[in-house]
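In the working numbering, the protein residues as written are 17 to 93.
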């Protein structure tokens, strides 16, 4: 497969793409220095939570709430 002028065509398309211009690296705030997370001593001392949405409907629900223990990585949902 060969596309004559592909590089130019792609550059033109990206230049006209609104989404591409918004997420371009020069428009993003640079990330800070990484910080290490404290090591937990007890189970369930620190947790993370998130929702998983857009799932197939089951008993009128289409989302789950996920809770994960940061030390053991065990999850409840």
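All C-beta atoms in this analysis are idealised placements derived from N, C-alpha and C, irrespective of residue type, glycine included.
Contact belief for residue i with residue j at Cβ below 8 Å, rounded distance in angstroms
i          : j          : result
residue 65 : residue 56 : Going by Cβ atoms, the distance from residue 65 to residue 56 rounds to 16 Å, so no, they are not a contact pair.
residue 93 : residue 80 : 5 Å
Member of the options whose CA lies at the smallest distance from the CA of residue i
i          : options           : result
residue 53 : 92, 86 and 18     : 86
residue 88 : 32, 79, 77 and 59 : 59
Contact under 8 Å by Cβ, residue i with residue j
i          : j          : result
residue 82 : residue 68 : yes
residue 30 : residue 36 : yes
DSSP beta-bridge partners of residue i
i          : result
residue 66 : 82
residue 31 : BP columns for residue 31 are empty, so no partner.
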